[in-house]
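2 protein chains.
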Amino acid sequence: MTKPASIGDSLAQVATPSLLVDLDAFERNLDRMAAAVPAPSPGSSKVRLRPHVKTHKCVEVAQAQVARGAVGVCVQTVAEAEAMVAGGITDILLTNEIADPRRAARFAALAARATVACCADDARHVALLDEAAAEAGTRPGMLVEIDVGQGRCGVAPGRKAAELAQAIARAPHLRFRGLQAYHGSAQHLRDPDERRAAIAAAADETRATLDALRAVGLEAEIVGGAGTGTFALEQQAGPWNELQAGSYVFMDADYGRNTAPPAFENALFVLATCISTARAGHAVVDAGLKAIAFDSGMPLVVTPPGAAYQKASDEHGSLELGPASLAVGERVRLIPGHCDPTVSLHEWLVAMRGDRVEALWQVRARGAGL
Amino acid sequence: MTKPASIGDSLAQVATPSLLVDLDAFERNLDRMAAAVPAPSPGSSKVRLRPHVKTHKCVEVAQAQVARGAVGVCVQTVAEAEAMVAGGITDILLTNEIADPRRAARFAALAARATVACCADDARHVALLDEAAAEAGTRPGMLVEIDVGQGRCGVAPGRKAAELAQAIARAPHLRFRGLQAYHGSAQHLRDPDERRAAIAAAADETRATLDALRAVGLEAEIVGGAGTGTFALEQQAGPWNELQAGSYVFMDADYGRNTAPPAFENALFVLATCISTARAGHAVVDAGLKAIAFDSGMPLVVTPPGAAYQKASDEHGSLELGPASLAVGERVRLIPGHCDPTVSLHEWLVAMRGDRVEALWQVRARGAGL
């Protein structure tokens with residue numbers, strides 16, 4: 001596996017296209033989140049942080065989050081869960097459904113080595129994991145995912161969710177752990193009042209579901225949700241006790257487009273090289289569709305200031321230079337539109353302290369996760 | 371490295387999300403291209419095929435292309451060139467510029483093991499590779515890239531290109547090999563008349579540049595260009611002698627949107643699993659932004675027929691079911707919008723003969739290519 005740099009290298013020695021983490025900014029982001037959502041004291045009912053590792057897929061980042069008080073991590077795939085357990089993380093919530101028997105078997109096996117739970121929105125998920133856990137001789141946890149506005153996975157809040165929770169509670173090899181109540185689409189609502197209204201409605205749905213659970217004699221130990229765009233709202237709202245923000249470690253151009261964006265810094269950059277200046281007023285860099293995710297718009301150009309990323313093809317990015325100038329071989333620094341799928345395109349994160357490479361972090365279970 | 375399947379597995383045993391190659395369709399595509407652009411007899415002046423491996427990044431596919439008469443392959447990155455040389459491909463054209471001294475050193479070293487050439491559109495590219503070749507004791511080839519309408523890399527056709535060719539010819543450790551004249555944006559012009567006009571204009575620019583070369587005493591041994599959308603036009607037009615089509619092996623949804631699309635079949639599919647049907651009329655699959663490229667639009671749903679892929683998030687794809695039905699755990703087969711960046715998201719291609727896994731092909735130098 002070709003590495004983009006060696007520890008101790010200067011920025012000029014880092015191969016491109018690659019991903020840089022500005023460690024000073026990254027650590028300030030971790031500190032800010034730890035101050036906003038402090039580690040709970042034993043027995044405390046305070047809202048806890050369980051950050052999502054789908055953003056970074058790095059054991060080193062997860063360990064830094066847990067060291068600052070996170071109660072564990074969220075993952076989105078079984079492959080991420082396996083990578084985190086291998087990296088010593090002991091409490092893992094898979095905020096997604098498992099619909100395949102082989103994957104259920106792998107997840108059930110993990111329960112022998114760590115505290116693990118995943119989600120269900122269908123009786124089939126319950127049956128699959130219960131069967132796999134019986135085979136593995138383990139008892140993984142399971143949460144009911146409810147749809148609080150995202151319109152993706154999740155049963156309807158209320159009675160239907162309580163029925164599914166009862167199915168989990170009855171399953172001999174599973175442990176009912178609580179509710180997954182994530183409003184993903186609220187994260188990027190541009191206006192703070194819209195975000196507030198979306199989370200208030202989600203809180204009502206979540207409360208109604210907790211009532212429905214109590215009516216059938218069940219308690220939710222975990223009530224999880226929230227992302228970087230709204231976590232302060234869920235923290236105040238009442239029903240949630242675990243916040244699942246992930247992007248705050250790196251941020252991205254799209255979060256920057258929110259009005260009153262979350263108070264974190266851009267700590268993730270794509271480093272590219274100018275490969276052509278043949279067209280007047282334009283430059284071409286070596287970072288295109290295979291190096292940057294474009295689902296949330298174009299990357300921002302940090303260096304050289306004044307240039308704008310205009311168009312991507314597979315291995316090329318076309319910049320309009322504006323007042324900037326660039327020569328072949330010069331470096332360009334970009335902020336990706338969306339951090340999670342951009343990280344997933346790379347094998348390594350190059351962790352920089354100023355101009356010096358301090359560490360190389362491997363992106364585990366890179367990609368969609370087999 | 372987790373593999374999505376084992377040889378001999380049935381389709382039901384293939385993990386998701388993964389990439390399937392329908393070997394029967396794939397081989398018909400190879401055969402059709404070999405019939406359209408046959409292997410040249412020795413000394414023939416006929417137009418040759420030099421397919422682009424940036425589509426598939428697989429040694430096995432490149433070998434099948436060469437076995438059917440391709441004179442060599444095109445690559446887009448030094449990492450792809452290294453992977454192809456390691457896989458026994460002996461004639462490689464890097465259809466891109468090298469702007470970094472370490473990368474130039476790696477490319478110059480390859481020239482000791484294979485016939486290699488890359489492109490230049492700036493004197494800096496020439497100086498970098500000449501210096502690296504002197505150090506390596508090799509003499510790689512170099513082509514001048516001209517901009518024939520793409521508006522990306524490439525010097526202006528004509529005199530300016532001839533001056534750069536002279537710089538290459540004067541460089542003691544380089545070999546001037548010819549012109550790179552690729553009109554990328556013409557491939558996806560929807561209307562055949564528009565494509566024809568774009569390639570006719572590109573042919574004029576290329577001819578004018580060949581005249582300018584002759585005026586300074588230089589001949590282009592290679593005149594390369596063309597893609598899957600236009601290669602029959604370049605084949606007829608005159609100035610080109612090498613066709614660089616890549617996507618024809620797999621095709622994709624976007625090429626299908628051309629009027630009079632190229633006569634190849636979809637041979638590449640994303641296999642996904644339905645993970646949720648909680649929302650009426652909708653289903654969620656486990657293939658989103660980290661498994662499929664969306665730069666050329668939504669994937670098409672092949673199975674179940676009638677469903678439409680509506681929206682992607684990182685690990686989820688939301689389908690509108692229409693007349694179709696799906697249950698949790700059932701498989702979904704998709705045609706990606708754009709094959710090249712979709713392949714680059716995966717580590718393996720699962721080569722299927724009907725319902726049986728016949729081979730696993732590794733996607734080499736996956737990603738943007740360090």
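So the protein sequences, as listed, match chains A and B.
Throughout the first sequence, residue numbering follows the numbering used here, covering 1 to 370 in sequence.
Throughout the second sequence, residue numbering follows the numbering used here, covering 371 to 740 in sequence.
Even for Gly, the Cβ is constructed at its ideal location relative to N, Cα and C.
Fair warning: this is a prediction, and the values are worked out from it, not measured in the lab.
If you measure between the beta carbons of residue i and residue j, is that distance less than 8 Å?
i, j, result
"W240(A)", "A226(A)", "yes"
"A429(B)", "R701(B)", "Here residue 429(B) is Val; the residue named in the question, Ala, does not match the sequence. Contact flag unset, no."
"V357(A)", "V66(A)", "no"
"L638(B)", "P387(B)", "no"
"D470(B)", "G329(A)", "yes"
"V144(A)", "H183(A)", "no"
"L696(B)", "L670(B)", "no"
"D684(B)", "L715(B)", "no"
"A161(A)", "A132(A)", "no"
"P336(A)", "A253(A)", "yes"
"L419(B)", "L719(B)", "no"
"T277(A)", "S247(A)", "no"
"V445(B)", "V423(B)", "yes"
With 8 Å as the threshold, decide whether the Cβ of residue i is near any Cβ in chain B.
i, result
"Q187(A)", "no"
"A351(A)", "no"
"T230(A)", "no"
"C58(A)", "no"
"P4(A)", "yes"
"I275(A)", "yes"
"A79(A)", "yes"
"N96(A)", "yes"
"S318(A)", "yes"
What does residue i touch in chain A if you count any residue whose Cβ is under 8 Å from its own?
i, result
"P711(B)", "L289, K290 and D314"
"G554(B)", "S313"
Would you call residue i buried or exposed, if buried means 16 or more other Cβ atoms sit within 10 Å of its Cβ?
i, result
"A230(A)", "The sequence shown places Thr at residue 230(A), not Ala. Per the 10 Å Cβ criterion, buried."
"R170(A)", "exposed"
"E564(B)", "exposed"
"A585(B)", "exposed"
"R723(B)", "exposed"
"T643(B)", "buried"
"D31(A)", "exposed"
"G141(A)", "buried"
"A263(A)", "exposed"
"I7(A)", "exposed"
"Q236(A)", "exposed"
"R627(B)", "exposed"
"S411(B)", "exposed"
"Q680(B)", "exposed"
"R560(B)", "exposed"
"D9(A)", "buried"
Going along chain B in order, which residues have a C-beta closer than 7 Å to the C-beta of residue i?
i, result
"P17(A)", "A738"
"V284(A)", "R522 and C523"
"G329(A)", "A469, D470 and R494"
"N266(A)", "Here the premise fails: no neighbours, minimum Cβ distance about 19 Å."
Which residues in chain B sit within 8 Å of residue i, going by Cβ to Cβ distance?
i, result
"C74(A)", "Near C74(A) there are no residues of chain B at all, since even the closest Cβ is about 12 Å away, more than 8 Å."
"K46(A)", "In chain order: nothing, as chain B lies at least about 29 Å away."
"D121(A)", "S646 and A648"
Would residue i count as contacting chain A if we go by Cβ distances under 8 Å?
i, result
"A478(B)", "no"
"S695(B)", "no"
"I377(B)", "no"
"F664(B)", "yes"
"S617(B)", "no"
Kindly list, in the order they appear in chain B, the residues whose Cβ is closer than 9 Å to that of residue i.
i, result
"D147(A)", "A648 and R649"
"H173(A)", "Those do not exist, as H173(A) stays about 19 Å from chain B at its closest Cβ, beyond 9 Å."
"E347(A)", "R736, G737 and L740"
"N258(A)", "Result: empty, since nearest Cβ-Cβ is about 17 Å, beyond 9 Å."
"Q10(A)", "For the record, residue 10(A) in the displayed sequence is Ser; it is not Gln. Under the 9 Å cutoff, chain B gives no residues; its nearest Cβ is about 13 Å from S10(A)."
Quick one: does the C-beta of residue i sit closer than 7 Å to a heavy atom of the ligand SAH?
i, result
"T273(A)", "This structure lacks the ligand SAH; in fact it carries no ligand of any kind."
Quick one: list the residues of chain A neighbouring residue i, beta-carbon separation under 7 Å, in chain order.
i, result
"S714(B)", "K290"
Minimum length 4: unbroken alpha helix (DSSP H) runs contained in the segment 161-225 of chain A: 192-215
Length at least 4, wholly inside the segment 269-329 of chain A: the alpha helix (DSSP H) runs in chain order: List check, alpha helix (DSSP H) in window: nothing returned.
Contiguous alpha helix (DSSP H) assignments of at least 4 residues, all confined to the segment 461-510 of chain B: Those alpha helix (DSSP H) runs which fall completely within the segment 461-510 of chain B and span 4+ residues are 471-480 and 493-506.
Within the segment 28-57 of chain A, ranges of the beta strand (DSSP E) (whole runs, at least 3 residues): none
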